[in-house]
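Chemist: Residue 275 in numbering that gives the first Met the number 0 sits at position 276 of the sequence shown, and the numbers go up by one each step. Even glycine gets a Cβ: it sits at the ideal position worked out from N, Cα and C. Computed from a prediction, not measured in an experiment: that's the story for all the values here. Once you've had a glance at the structure underneath, I'll fire off some questions.
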Amino acid sequence: MEFQAPEFLWLLLVIPALIVLYLLAQRRRSRFAIRYSNLSMVKEAIGTEPGWRRHLPPLLFLFGMMLIFVALARPTGIVFLPKQQGTVILAIDVSRSMTAADLQPNRLEAAKAAARDFINQQGPDVRIGIVSFSGNAALVQEPTTDHLLATAAVNRLSIQNSTAIGSGIMTSLDAIFEDPISAVSSKNQDELLAPTPTPTPLPRGIHIPATIIVLTDGRNRTGPDPIESAHTASDRGVRVFTIGVGTIQGATVQGGNQGNPGNGRQGGGRNQGGGGFRADLDPETLQSIADITDAKFFLASDVQALFDSYKNIDKEIVLTQKKEENTIFFAAASFVFMILSGFSSLWWFNRLP
Numbered sequence: 000m001e002f003q004a005p006e007f008l009w010l011l012l013v014i015p016a017l018i019v020l021y022l023l024a025q026r027r028r029s030r031f032a033i034r035y036s037n038l039s040m041v042k043e044a045i046g047t048e049p050g051w052r053r054h055l056p057p058l059l060f061l062f063g064m065m066l067i068f069v070a071l072a073r074p075t076g077i078v079f080l081p082k083q084q085g086t087v088i089l090a091i092d093v094s095r096s097m098t099a100a101d102l103q104p105n106r107l108e109a110a111k112a113a114a115r116d117f118i119n120q121q122g123p124d125v126r127i128g129i130v131s132f133s134g135n136a137a138l139v140q141e142p143t144t145d146h147l148l149a150t151a152a153v154n155r156l157s158i159q160n161s162t163a164i165g166s167g168i169m170t171s172l173d174a175i176f177e178d179p180i181s182a183v184s185s186k187n188q189d190e191l192l193a194p195t196p197t198p199t200p201l202p203r204g205i206h207i208p209a210t211i212i213v214l215t216d217g218r219n220r221t222g223p224d225p226i227e228s229a230h231t232a233s234d235r236g237v238r239v240f241t242i243g244v245g246t247i248q249g250a251t252v253q254g255g256n257q258g259n260p261g262n263g264r265q266g267g268g269r270n271q272g273g274g275g276f277r278a279d280l281d282p283e284t285l286q287s288i289a290d291i292t293d294a295k296f297f298l299a300s301d302v303q304a305l306f307d308s309y310k311n312i313d314k315e316i317v318l319t320q321k322k323e324e325n326t327i328f329f330a331a332a333s334f335v336f337m338i339l340s341g342f343s344s345l346w347w348f349n350r351l352p
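What follows is the structure, given as structure tokens:
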């Protein structure tokens, strides 16, 4: 919780001072009552009600005062609201390793089917954008509430070379924000040369109603460092969910090398059965991206797990966070405690505390 006028919190020091004064008054009251020789006068002086009743009205009054002092400090907090609108960017890996057939008919087609299903589940006011990344990243469909356009963009995705996860994240961020975040996806030379003011990073845990979902089956091989890209997303309040497609052991893909298809080489050596390479997943990096941005990492080793990953992410983003002032709640609670204090005192003792 934060306070817009924290100087008023100094008033809380009045509360312990009042408690001390109350205890001294009770002690003096008891001493004064002992001076009377008449027992009925003693009872009238110190009261005959149970001790807890005698102390409850002042306690309620002090608690009400404490709440009103907090209200004067104008507290603010994070509230969770149902998602009515927002932006979701689907960043999908289209590198050659996505042709692996361990998911039928292949990884890319399975990913496209799961993405279409995710799009169909979104509300009409949710803006959806599509980014593809391989050796570089491209905005295939800018964020739109026309989900048919988003689905058509998914259908157009085709295989390219290499894997640039960091570029996919940065291009997705550029699709969310109007200002170009880096040179990776700037549209023209003027944007590359023009200085872009660095925005003030949002506090950890504060998220804007925008989400990136990165789906990949390999390791970052070119472009920006995906960890640095994740920190950039975190500073802008954007969560980046990651989905790793395939198994951690990887799968052999025929048809050349990720970076240079057709040369028959791979990171771990030439495939003995012919030209090809092994597409190996990097779960550590994907987990780190999710952790940095307060999101989650999902491993999809089969088609059903892939669909379930998107469904689980949808559950995670059904609520949006908003920072709101809570003064009215503290003021209302203070009023209730003050009323209870006065009512209980009048009911039991026919006087106000």
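Can the beta-carbon of Pro225 be found closer than 7 angstroms to that of Ile291?
Modeler: No, they are not a contact pair.
Chemist: Closer than 6 angstroms by C-beta to Phe296: which residues in its own chain qualify, once you throw out the five before and the five after it? Chain order, please.
Modeler: Same-chain partners within the cutoff: Thr241, Leu285, Gln286 and Ala289.
Chemist: Near Gly243, which residues of its chain fall below 6 angstroms by C-beta distance, leaving aside the five closest residues on each side in sequence?
Modeler: So the list reads Leu280, Pro282, Leu285 and Leu298, once near-sequence residues are dropped.
Chemist: Classify Gln257 as helix, strand or coil using the three-state DSSP reduction.
Modeler: Bear in mind that a pLDDT of 48 at Gln257, under 50, signals an unreliable position, so the model cannot answer this.
Chemist: Is DSSP giving Gln137 helix, strand or coil here?
Modeler: One point to set straight first is that residue 137 is Ala, not Gln, in the sequence displayed. Three-state DSSP puts Ala137 in a strand.
Chemist: Assign Ser96 to one of three DSSP states: helix, strand, or coil.
Modeler: Note: Ser96 maps to helix in three-state DSSP.
Chemist: Going by beta carbon distance, what residues of the same chain come within less than 6 angstroms of Met0, once the five residues before and after it are set aside?
Modeler: Counting only Cβ-Cβ distances below 6 angstroms, and skipping sequence neighbours, we find Pro74 and Gly76.
Chemist: Hey, would you say Ala109 sits closer than 7 angstroms to Leu305, going by beta carbons?
Modeler: Their beta carbons are under 7 angstroms apart, which means Ala109 touches Leu305 by this criterion.
Chemist: Mind checking Arg126: buried by the 16 CB within 10 Å criterion, or exposed?
Modeler: When all chains shown are included, Arg126 counts as buried.
Chemist: Does the distance from the CB of Leu66 to the CB of Ser333 come in under 7 angstroms?
Modeler: Going by C-beta atoms, Leu66 is nearer than 7 angstroms to Ser333.
Chemist: Looking only at DSSP bridge pairs, what is Leu132 linked to?
Modeler: Note on identity: in this sequence residue 132 is Phe, with Leu being the wrong assignment. Asp92 and Ala136, per the DSSP bridge assignment.
Chemist: Counting C-beta neighbours from all protein chains within 10 Å, is the total for Thr199 16 or more, i.e. buried, or is it exposed?
Modeler: Exposed is the call here.
Chemist: Which two residues bound the contiguous beta strand (DSSP E) that contains Val244?
Modeler: Here the beta strand (DSSP E) through Val244 covers Arg238 to Val244.
Chemist: With 16 as the cutoff for other CB atoms within 10 Å, does Val335 come out buried or exposed?
Modeler: Label assigned to Val335: exposed.
Chemist: Just curious, the beta strand (DSSP E) that Phe297 is in, first and last residue?
Modeler: Its beta strand (DSSP E) spans residues Phe296 to Ala299.
Chemist: Using 10 angstroms around the beta-carbon of Ser133, count the other beta-carbons present and answer buried if the total reaches 16, otherwise exposed.
Modeler: Buried, by the Cβ-count rule.
Chemist: Which residue wins for smallest C-alpha separation from Met169, given the options Thr231, Arg220 and Thr215?
Modeler: Cα-wise, what sits closest to Met169 is Thr231.
Chemist: Would you kindly report the start and end of the unbroken alpha helix (DSSP H) that includes Leu147?
Modeler: Counting along the chain, the alpha helix (DSSP H) containing Leu147 begins and ends at His146 to Asn154.
Chemist: If I follow the unbroken alpha helix (DSSP H) through Ile288, where does it start and stop?
Modeler: Ile288 -> alpha helix (DSSP H) spans Pro282 to Ile291.
Chemist: Can you tell me which of Ser300, Ser340 and Ser343 puts its alpha carbon nearest to the alpha carbon of Ile103?
Modeler: It is Gln, not Ile, that sits at residue 103 in the sequence shown. Measuring from the Cα of Gln103, the nearest candidate turns out to be Ser300.
Chemist: Quick one: what's Pro74 bridged to in DSSP?
Modeler: DSSP lists Phe2 as partners of Pro74.
Chemist: Once you ignore the five residues that flank Phe7 on each side, which residues in its own chain have a CB closer than 7 angstroms to its CB?
Modeler: Result list for Phe7: Phe68, Leu71 and Ala72, in chain order.
Chemist: Hey, how far is the Cα of Val239 from the Cα of Asp145?
Modeler: So the alpha carbons of these two residues sit roughly 23 angstroms apart.
Chemist: Confirm the yes/no value for this check: CB of Pro104, any heavy atom of the ligand MN, distance under 6 angstroms.
Modeler: Ligands in the displayed structure: none, and consequently the ligand MN is not present.
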